[in-house]
Structures are given as C-alpha cells and as structure tokens.
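In the working numbering, the protein residues as written are 202 to 339.
Beneath this line is the structure, given in structure tokens, with notes to follow.
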C-alpha cells in the first residue's frame, strides 16, 4: 500500500530547500499529496496579489488531491483541543492545525508537516504524522 499525505503549509513552504524538495517531489509526481479547505486558505494568505492568489489556487487544484472537511471534523477538533488542555498546549497549538489534523484523522491519512503542533496533537490522538525532514534541519 502506498501512503497518501495531507500536506501542511509548514512542509510545503520549505519546498525550496533541497532536502524538502527531494522528499516532496516523488510524492507529488505519484499524486500522493492532498489538500483540504483550511490548507487552501492557509496557502492563500501568502499571495501577494489577486493574480498570485489565482495562480496558487490553480496550482493547488492541479497538483494536490482534495479531501473534504465533513461536519464531524469540527467536533473532533474541539475534542482534541479539550484534550490538549490537560497538557497545557491548548493555547499553543494553532486552530488551523487542529482542523488539519482532524481532517487527516477522518480520512485515515498522515499529515506531512514541519511543525511541532502536529506532534503534540498526535500524542493525544495517536494518529500518524510525519516530519517532511527531521526537525531542526529545515
């Protein structure tokens, strides 16, 4: 079985680095990277103009498979946030990361990331997450 990943912006934004590019390119070529609504919005923030925003949108639609965000994801994100309160991380884990993790968990796919938030979430959910490259190397 080949693993498909939900690509977080923390990994994608580092694609200009050789080690990250080396990791992501084969996955992209095989159609194994996915996106969801919240990741699309996160990428849109980086646009410098309307034209750039459209270009980013077209690229993401063409390059990454879309996985939906069902209503149950919002409930699950709340549950994860609540569980994070026990460890005092509920204020430090970003809300989009909670949603991305819940989407990935719903679809049974790991998050490809470069963000400690996903490790904190996975410590609660036990869902698979993967650093795009080792932490501290990008």
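Every residue, glycine too, gets a C-beta built ideally from N, C-alpha and C.
Item: For residue 207, count neighbouring Cβ atoms within 10 angstroms of its own Cβ and tell me buried if that reaches 16, exposed if not.; Value: buried
Item: For residue 308, list the residues DSSP reports as bridge partners.; Value: Per DSSP, none; premise fails for residue 308.
Item: Quick check on residue 234: buried or exposed, where buried means 16 or more other Cβ atoms within 10 Å of its Cβ?; Value: buried
Item: Taking 7 Å as the line, does the beta carbon of residue 266 fall inside it for any heavy atom of the ligand NAD?; Value: Because no ligand of any kind appears in the structure shown, any question about the ligand NAD cannot be addressed here.
Item: By alpha-carbon positions, which one of 218, 241 and 330 ends up nearest to residue 338?; Value: 218
Item: Would you call the segment 229-248 in contact with the segment 262-273, where contact means no fewer than 3 C-beta pairs closer than 8 Å?; Value: yes
Item: Out of curiosity, what's the CA-to-CA distance linking residue 225 and residue 214?; Value: 11 Å
Item: Applying the criterion that 16 or more other CB atoms from any shown protein chain within 10 Å of the CB defines a buried residue, is residue 210 buried or exposed?; Value: buried
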